[in-house]
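Down below is the structure, laid out as structure tokens.
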Amino acid sequence: MKMGRVLFAALAGTFLAAPFGPASAQQSIRVGELNSYKAQPAFLEPYKKGLDLAVEEVNAAGGVLGKRLELVSRDDGGNPGDAVRVAEELVTRESLNMLAGTFLSNVGLAVTEFAGKNKVFFLAAEPLTDKITWQNGNRYTFRLRSSTYMQVAMLMPDIVAAKKKRWALVYPNFEYGQASAAAFKELLKSKQPDVEFVTEQAPPLGKLDAGAVVQAIDDAKPDAIFNVLFGPDLAKFVREGNTRGVFKDRFVASQLSGEPEYLDPLKDEAPVGWVVTGYPWYAIDTPEHKAFLSAYQKRFNDYPRLGSVVGYVTVKSLAAGIAKAGSTETEKLIAAFSGLKLDGPFGPFSYRAIDHQATMGAYVGKIAVKDGKPIMVDFKYVDGASVLPSDAEVKKLRPATD
Amino acid sequence: MSLNSLLFQALDGLAAASGLFFVAAGLSLIFGVTRIINIAHGSLYMLGTYVAATLANHIGGALGFWGGILTTAVLIGLIGAVIEVVLLRRIYRAPELFQLLATFALVLVINDATLWTWGPEDVLGPRAPGLRGAVEVLGRYLPSYDVFLIAAGPVVLIALHFVLIRTRFGRLIRAATQDREMLGALGVNQALLFTSVFALGSLLSGLGGALQIAREPANLLMDLTVISDAFVVVVVGGMGSIPGAYLAAVVIAEVKALCISIGVVTIAGVAVNVSKLTLVAEFLVMALVLIARPYGLLGRAQSMVRALAEPEDPLRPAGPALKLLGAAAVVALALLPLLARNSPYALVLGIDVLIAVLFAASLHFIMGPGGMHSFGHAAYFGLGAYAAALLVKWFALSMPPALIAAPVVALLGAALFGWFAVRLSGVYLAMLTLAFAQIVWSIVFQWSEVTGGSNGVLGIWPTAPFDNRAALFWLTAALTVVGILLLRTFLFAPFGYAMRAGRDSPLRAEAIGIDVKRVHWIGFTIAGAVCGVAGGVFAFAKGSISPETIDVSRSINGLVMVLLGGIQTLSGPIVGASVFALLQDTIMRQTEYWRALLGGVILLLVLAFPAGIVGGLGKLGTAWRRRP
Numbered sequence: 032m033k034m035g036r037v038l039f040a041a042l043a044g045t046f047l048a049a050p051f052g053p054a055s056a057q058q059s060i061r062v063g064e065l066n067s068y069k070a071q072p073a074f075l076e077p078y079k080k081g082l083d084l085a086v087e088e089v090n091a092a093g094g095v096l097g098k099r100l101e102l103v104s105r106d107d108g109g110n111p112g113d114a115v116r117v118a119e120e121l122v123t124r125e126s127l128n129m130l131a132g133t134f135l136s137n138v139g140l141a142v143t144e145f146a147g148k149n150k151v152f153f154l155a156a157e158p159l160t161d162k163i164t165w166q167n168g169n170r171y172t173f174r175l176r177s178s179t180y181m182q183v184a185m186l187m188p189d190i191v192a193a194k195k196k197r198w199a200l201v202y203p204n205f206e207y208g209q210a211s212a213a214a215f216k217e218l219l220k221s222k223q224p225d226v227e228f229v230t231e232q233a234p235p236l237g238k239l240d241a242g243a244v245v246q247a248i249d250d251a252k253p254d255a256i257f258n259v260l261f262g263p264d265l266a267k268f269v270r271e272g273n274t275r276g277v278f279k280d281r282f283v284a285s286q287l288s289g290e291p292e293y294l295d296p297l298k299d300e301a302p303v304g305w306v307v308t309g310y311p312w313y314a315i316d317t318p319e320h321k322a323f324l325s326a327y328q329k330r331f332n333d334y335p336r337l338g339s340v341v342g343y344v345t346v347k348s349l350a351a352g353i354a355k356a357g358s359t360e361t362e363k364l365i366a367a368f369s370g371l372k373l374d375g376p377f378g379p380f381s382y383r384a385i386d387h388q389a390t391m392g393a394y395v396g397k398i399a400v401k402d403g404k405p406i407m408v409d410f411k412y413v414d415g416a417s418v419l420p421s422d423a424e425v426k427k428l429r430p431a432t433d
Numbered sequence: 006m007s008l009n010s011l012l013f014q015a016l017d018g019l020a021a022a023s024g025l026f027f028v029a030a031g032l033s034l035i036f037g038v039t040r041i042i043n044i045a046h047g048s049l050y051m052l053g054t055y056v057a058a059t060l061a062n063h064i065g066g067a068l069g070f071w072g073g074i075l076t077t078a079v080l081i082g083l084i085g086a087v088i089e090v091v092l093l094r095r096i097y098r099a100p101e102l103f104q105l106l107a108t109f110a111l112v113l114v115i116n117d118a119t120l121w122t123w124g125p126e127d128v129l130g131p132r133a134p135g136l137r138g139a140v141e142v143l144g145r146y147l148p149s150y151d152v153f154l155i156a157a158g159p160v161v162l163i164a165l166h167f168v169l170i171r172t173r174f175g176r177l178i179r180a181a182t183q184d185r186e187m188l189g190a191l192g193v194n195q196a197l198l199f200t201s202v203f204a205l206g207s208l209l210s211g212l213g214g215a216l217q218i219a220r221e222p223a224n225l226l227m228d229l230t231v232i233s234d235a236f237v238v239v240v241v242g243g244m245g246s247i248p249g250a251y252l253a254a255v256v257i258a259e260v261k262a263l264c265i266s267i268g269v270v271t272i273a274g275v276a277v278n279v280s281k282l283t284l285v286a287e288f289l290v291m292a293l294v295l296i297a298r299p300y301g302l303l304g305r306a307q308s309m310v311r312a313l314a315e316p317e318d319p320l321r322p323a324g325p326a327l328k329l330l331g332a333a334a335v336v337a338l339a340l341l342p343l344l345a346r347n348s349p350y351a352l353v354l355g356i357d358v359l360i361a362v363l364f365a366a367s368l369h370f371i372m373g374p375g376g377m378h379s380f381g382h383a384a385y386f387g388l389g390a391y392a393a394a395l396l397v398k399w400f401a402l403s404m405p406p407a408l409i410a411a412p413v414v415a416l417l418g419a420a421l422f423g424w425f426a427v428r429l430s431g432v433y434l435a436m437l438t439l440a441f442a443q444i445v446w447s448i449v450f451q452w453s454e455v456t457g458g459s460n461g462v463l464g465i466w467p468t469a470p471f472d473n474r475a476a477l478f479w480l481t482a483a484l485t486v487v488g489i490l491l492l493r494t495f496l497f498a499p500f501g502y503a504m505r506a507g508r509d510s511p512l513r514a515e516a517i518g519i520d521v522k523r524v525h526w527i528g529f530t531i532a533g534a535v536c537g538v539a540g541g542v543f544a545f546a547k548g549s550i551s552p553e554t555i556d557v558s559r560s561i562n563g564l565v566m567v568l569l570g571g572i573q574t575l576s577g578p579i580v581g582a583s584v585f586a587l588l589q590d591t592i593m594r595q596t597e598y599w600r601a602l603l604g605g606v607i608l609l610l611v612l613a614f615p616a617g618i619v620g621g622l623g624k625l626g627t628a629w630r631r632r633p
């Protein structure tokens with residue numbers, strides 16, 4: 032008896048109460064946004080602020096196509112399975128045909144695949160893997176952030192100029208780290224054939240045994256180190272390395288370490304002299320960036336992180352793309368985004384028609400410490416378009432047509 | 006690589022071992038006395054690093070650092086006492102393992118509370134005053150703080166050992182570990198003992214966390230990272246054995262340090278990066294140790310625990326009313342795609358719920374009637390999902406044969422792992438299943454050429470006639486209903502009775518001629534196969550899968566679903582999985598702090614239904630029928 036009642040109640044509850052969506056036509060243009068807010072808060076809280084600021088700016092300036100722009104934000108659970116369900120929810124229950132967001136490479140790839148299958152427009156904001164625009168790219172997916180290949184290529188001139196022969200690599204053991212390490216080895220070998228890779232450490236993400244890894248690198252006696260660790264792993268690595276004198280007299284190139292999200296927690300222990308990609312918000316002197324900075328600081332009483340820029344530009348890209356398309360129809364959006372030009376806080380950039388990759392670049396500079404705070408110095412902006420391979424190579428890498 | 010570098014790496018390993026030991030010792034004490042699988046132990050550790058780093062940064066100097074560490078340890082101990090008194094004490098009489106559900110909810114709540122208090126950015130504490138530098142050993146530099154940690158581990162070990170051997174408190178702990186009911190009968194205040202042990206365990210966890218501030222920044226991912234390491238150490242050392250925990254911490258830390266120092270080696274012309282093994286080293290060690298020594302390195306056979314919970318009602322076959330309702334449910338499922346024409350999301354969610362139901366039902370089959378608490382059930386889900394996906398990807402198989410292959414591969418995996426697992430019992434069995442799941446996970450994760458590594462396999466979409474939502478829903482519903490009926494059939498066949506006999510009284514079952522191990526092994530294999538079906542459907546429903554299908558969190562979600570519904574009833578997993586999947590879906594959409602809200606809801610359910618939802622409703626129903 033009792034089991035029967037409950038069984039029935041459960042099944043009835045499950046399916047009768049299943050959310051029957053609101054999704055009525057409204058006087059606004061709605062875009063679905065999903066991201067790993069709980070899994071990666073250090074990057075994504077500033078990102079959310081960037082989104083909010085841009086939405087407010089767009090609507091204050093009259094919206095898009097005469098309508099308000101509205102984001103329907105969701106947490107994607109930080110894994111591909113949940114992310115695909117959330118994407119389906121946005122598409123089916125909220126009746127949206129535009130998606131944006133994601134952070135982790137594997138989540139971004141799963142949503143890319145979903146967008147291609149369901150013919151939904153998707154603007155991947157942050158995931159870095161090359162596969163989103165190349166191997167697994169499709170005509171419905173565009174990507175804002177510069178890919179792993181681009182990040183490595185941006186550091187390459189300094190790496191080659193350092194003329195070091197024996198290199199040690201350390202990277203987190205998942206797609207992002209592996210792809211960066213592979214790109215690094217390939218690019219450096221082609222420019223400097225006599226290079227030697229003396230050790231490769233691939234600790235699990237978030238579980239670095241800093242002492243042992245730093246020591247193993249030191250024991251391999253490299254002339255230079257290429258680092259892809261970020262977040263808590265980076266802080267552990269830097270502190271151990273400083274204590275053990277491992278970075279002394281060694282050239283270190285490090286990906287993303289100049290981003291405030293990862294650099295600021297290091298405080299006065301930040302490794303001086305490392306060549307990094309990052310975002311020196313305190314010293315970018317262009318009018319576009321100054322306008323963004325003052326608007327951001329006024330709105331949130333806080334300084335922007337790189338996540339803020341990514342969030343801000345994501346929304347600005349959507350607004351520009353929809354305005355150019357003159358419609359929210361998927362096919363028109365794709366046509367509008369192919370070759371879409373716009374100005375972000377880093378200056379002008381465009382979404383390439385050939386592989387749907389945005390050319391927004393990054394800043395390359397050296398880490399220094401000033402008044403007990405870590406900063407980037409001697410930096411320059413590297414345009415993403417300048418580090419991408421030739422069109423012929425891209426065509427080979429990207430099987431998707433269009 | 007020289008001998009010196011190996012010896013030096015051994016020192017690195019010892020320093021890491023001390024950190025592991027503090028958390029593991031606390032966990033071991035708590036488990037020994039209260040039998041609670043406390044997954045919130047890592048959350049207390051994380052809280053310890055945050056509090057200590059904040060104190061050290063704000064007060065500064067030696068007082069802020071060292072004083073802060075001691076203050077933190079005491080504070081976390083107090084928090085532990087509060088958790089025990091306010092929450093856990095109310096549910097000691099619940100069925101075995103149920104307390105795990107409460108601690109799972111605490112993990113969610115504490116994580117969001119930490120995010121709310123400290124914000125998303127990592128908090129790096131200062132270097133230890135007085136121990137900033139490094140000492141030269143074997144021509145290399147060892148941080149002075151590591152030297153301190155290397156010494157601190159054994160000091161705490163000896164102090165704990167002394168407390169356990171020489172003091173009255175320690176004797177009570179040891180007595181409670183062996184027979185807590187007898188201890189209660191002798192007039193010892195159990196409530197006070199449980200609270201103080203929980204506080205002591207939490208204090209050790211807080212101390213372990215606080216001591217890490219000189220080595221790593223406080224961050225929000227620490228809780229889960231630490232808890233899995235700590236469990237492995239406790240189990241490898243032997244539950245309840247403090248020296249065992251230290252020994253295990255040393256063994257695991259040394260194996261990892263060795264993997265790291267070996268780096269890339271060439272075996273038979275193939276370059277292998279041994280440093281990548283750190284991903285799975287501890288689980289390999291655990292699997293090997295448990296196969297060779299079923300109670301860990303220094304553990305002893307667990308004493309029989311007389312459960313505090315009421316004895317379980319025997320299972321009864323479905324009566325006519327239940328059969329009728331079951332049929333009605335099937336009809337409702339069949340009609341749903343027609344009813345939900347205007348809200349396609351109901352089908353999307355429905356498929357997810359059905360997959361969760363099948364997953365939970367198969368786990369319940371071995372957990373409830375089988376008495377084998379698998380902590381690694383995701384392994385068979387993942388094997389099914391990957392089998393289907395890889396056959397589609399590499400052999401261009403169509404959907405039906407791929408779906409048939411899914412349970413077959415899961416069955417083979419379950420047969421292999423189950424053969425080892427059924428030789429163990431209780432928490433050792435649970436951890437061995439977890440170790441196997443982690444090994445499967447790491448193989449999938451590392452073997453990028455075949456499995457796609459961390460990206461997984463993309464583009465596994467259903468083929469005609471299942472390439473629309475309604476058809477896929479019908480297929481999923483059919484498979485789920487058949488799967489559940491199949492499991493029920495097994496349970497009410499002689500096989501099912503034999504399996505339950507083996508759970509309730511292995512000796513008597515053996516005496517009447519039941520080969521308990523064999524019966525449990527077959528049960529384990531059946532559950533794995535059914536779970537594989539759920540995995541196969543999952544791959545097609547999502548279109549892409551990645552190693553998270555085998556992740557620990559999926560295994561834990563399964564446990565949560567079963568316990569939430571009620572482990573002692575057959576409809577428990579169905580209700581539990583439905584409620585959990587729907588709750589997660591609704592709550593994730595509602596609020597920024599959805600984890601805390603989900604945890605809060607689970608806590609309320611835990612307190613309201615200590616026998617699970619179905620168990621609780623069943624009791625209400627019985628009381629109602631017996632009303633005067």
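Protein chains in written order, with the working numbering: chain A, 32 to 433; chain B, 6 to 633. For each residue, glycine too, the CB sits at the ideal point set by N, CA and C. From a predicted model like this one, the values you see are computed outputs, not experimental measurements.
First and last residue of the uninterrupted alpha helix (DSSP H) at B/Gly331: Against the second sequence, residue 331 of chain B aligns to sequence position 326. Judged by DSSP secondary structure, B/Gly331 falls within the alpha helix (DSSP H) whose first and last residues are Pro325 to Leu344.
Same chain, Cβ closer than 8 Å to B/Val270, five either side skipped, listed in chain order: Numbered from 1 along the second sequence, position 265 holds the residue referred to as residue 270 of chain B. Beyond the five residues adjoining it in sequence on each side, B/Val270 comes within less than 8 Å, by CB distance, of Ala276, Val277 and Val279 in the same chain, given in chain order.
Of the listed residues B/Arg594, B/Gln589 and B/Gly304, nearest to B/Gly242 (C-alpha basis): Here residue 242 of chain B corresponds to residue number 237 of the second sequence, with the count starting at 1. Distance from the Cα of B/Gly242 is smallest, within the candidate group B/Arg594, B/Gln589 and B/Gly304, for B/Gly304.
Classification of A/Tyr202 by the beta-carbon crowding that lies within 10 angstroms, buried from 16 upward: On the first sequence, position 171 is the one that residue 202 of chain A refers to. The C-beta of A/Tyr202 has 16 or more other C-beta atoms within 10 Å across all chains shown, which makes the residue buried.
Neighbourhood of B/Ile371 by C-beta distance below 7 Å, restricted to the same chain and skipping five residues each side: Within the second sequence, numbered from 1, the residue matching residue 371 of chain B stands at position 366. If we look at B/Ile371 and ignore the five residues flanking it on each side, its Cβ neighbours are Met377, Ser379, Gly528, Phe529 and Ala532.
A/Thr361 and A/Lys150 closer than 8 Å at C-beta: Counting from 1 along the first sequence, the entry for residue 361 of chain A is found at position 330. Counting from 1 along the first sequence, the entry for residue 150 of chain A is found at position 119. By the CB criterion at 8 Å, A/Thr361 and A/Lys150 fall inside the cutoff.
Cα-Cα separation, A/Leu218 to B/Gly138: Sequence index remark: in the first sequence, residue 218 of chain A carries index 187 (1-based). Sequence index remark: in the second sequence, residue 138 of chain B carries index 133 (1-based). Between the alpha carbons of A/Leu218 and B/Gly138 lies a distance of about 38 Å.
Which residues DSSP lists as bridging A/Ala389, in chain order: One-based indexing of the first sequence puts residue 389 of chain A at position 358. Bridge pairing for A/Ala389: A/Tyr382 [DSSP].
Neighbourhood of B/Trp229 by C-beta, 7 Å cutoff - its chain only, sequence neighbours within 5 removed: Within the second sequence, residue 229 of chain B is the residue found at index 224, counting from 1. Here residue 229 of chain B turns out to be Leu, not Trp, going by the sequence shown. Non-local C-beta neighbours of B/Leu229 in its own chain, meaning closer than 7 Å and more than five positions away in sequence, comprise Gly47, ordered along the chain.
Between the CA atoms of A/Pro296 and A/Asp374 - distance to the nearest angstrom: Here residue 374 of chain A corresponds to residue number 343 of the first sequence, with the count starting at 1. Here residue 296 of chain A corresponds to residue number 265 of the first sequence, with the count starting at 1. Spanning the two alpha carbons is a distance of roughly 30 Å.
Sheet register partners of A/Val408 (DSSP bridge): Within the first sequence, residue 408 of chain A is the residue found at index 377, counting from 1. In the DSSP output, where bridge partners are listed per residue, A/Val408 has A/Lys397.
Rounded separation between A/Ser221 and A/Met187 - CA only: Here residue 221 of chain A refers to the residue found at position 190 of the first sequence. Here residue 187 of chain A refers to the residue found at position 156 of the first sequence. In this structure, the straight-line span from the alpha carbon of A/Ser221 to that of A/Met187 is close to 11 Å.
Beta-carbon proximity check, B/Ala419 vs B/Ala534, cutoff 8 Å: What you label residue 419 of chain B is simply residue 414 of the second sequence in a count that begins at 1. What you label residue 534 of chain B is simply residue 529 of the second sequence in a count that begins at 1. In contact: B/Ala419 and B/Ala534 (Cβ atoms closer than 8 Å).
For A/Ser348, the first and last residue of its enclosing alpha helix (DSSP H): Along the first sequence, read from residue 1 onward, the residue named residue 348 of chain A stands at position 317. Start and end: Leu337 to Ala356.
Amino acids of chain A, ordered along the chain, whose beta-carbon sits closer than 9 Å to that of B/Leu284: Start at 1 with the first residue of the second sequence, and residue 284 of chain B comes out as number 279. Chain A residues near B/Leu284: Asn204, Ala233, Pro234, Pro235 and Lys238.
Cβ contact check for the segment 202 to 217 of chain B and the segment 37 to 46 of chain B: 3 or more pairs under 8 Å: Enough Cβ pairs lie closer than 8 Å, so yes.
Neighbourhood of A/Arg197 by C-beta distance below 6 Å, restricted to the same chain and skipping five residues each side: In the first sequence, counting from the first residue as 1, residue 197 of chain A sits at position 166. Within the same chain, Cβ atoms closer than 6 Å to the Cβ of A/Arg197 are found at Glu227, Val229, Pro253 and Asp254, the five residues on either side in sequence being excluded.
Among B/Gly175, B/Val161, B/Leu191 and B/Pro222, the one whose alpha carbon lies nearest that of B/Ser210: Taking the second sequence and counting its residues from 1, the one referred to as residue 210 of chain B is at position 205. It is B/Val161.
Cα-Cα separation between A/Gln232 and B/Arg508, rounded to whole angstroms: As a working mapping, residue 232 of chain A is identified with position 201 in the first sequence. As a working mapping, residue 508 of chain B is identified with position 503 in the second sequence. Distance between the alpha carbons of A/Gln232 and B/Arg508: 46 Å.
Chain A contact residues for B/Thr230, given Cβ-Cβ distances below 7 Å: Sequence index remark: in the second sequence, residue 230 of chain B carries index 225 (1-based). Correct list: Gly237 and Lys238.
Sub-8 Å separation of A/Ala22 and A/Phe380 beta-carbons: The displayed coordinates of chain A run from 32 to 433. Any statement about residue 22 of chain A would go beyond what the structure contains.
Host beta strand (DSSP E) of B/Pro148 (start-end): Sequence index remark: in the second sequence, residue 148 of chain B carries index 143 (1-based). Per DSSP, the unbroken beta strand (DSSP E) holding B/Pro148 starts and ends at Arg145 to Pro148.
Proximal residues of chain B, C-beta to C-beta of A/Leu297 below 7 Å: Counting from 1 along the first sequence, the entry for residue 297 of chain A is found at position 266. What A/Leu297 touches in chain B: Leu129.
Pairwise C-alpha distance: B/Gly537 and A/Thr274: Residue mapping note: residue 274 of chain A aligns to position 243 of the first sequence, counting from 1. Residue mapping note: residue 537 of chain B aligns to position 532 of the second sequence, counting from 1. Straight across, the Cα-Cα distance linking A/Thr274 with B/Gly537 is about 49 Å.
A/Trp198 - partner residues in DSSP beta bridges: For the purposes of this step, residue 198 of chain A is identified with residue 167 of the first sequence, where counting begins at 1. In the DSSP output, where bridge partners are listed per residue, A/Trp198 has A/Phe228 and A/Ala255.
Contacting positions in the segment 66 to 80 of chain A - beta carbon closer than 7 Å to chain B: Those residues of the segment 66 to 80 of chain A that come within reach of chain B (Cβ to Cβ, closer than 7 Å) are Lys69, Pro72, Ala73 and Glu76.
Contact set for B/Met504: own chain, Cβ-Cβ below 7 Å, skip 5 residues either direction: Taking the first residue of the second sequence as position 1, residue 504 of chain B is located at position 499. These residues qualify, in order along the chain: Pro374, Gly375, Val524, His525 and Gly528.
Three-state class that DSSP yields for B/Gly541 in the structure shown: Position 536 of the second sequence holds residue 541 of chain B. Under the three-state reduction of DSSP output, B/Gly541 falls in the helix class.
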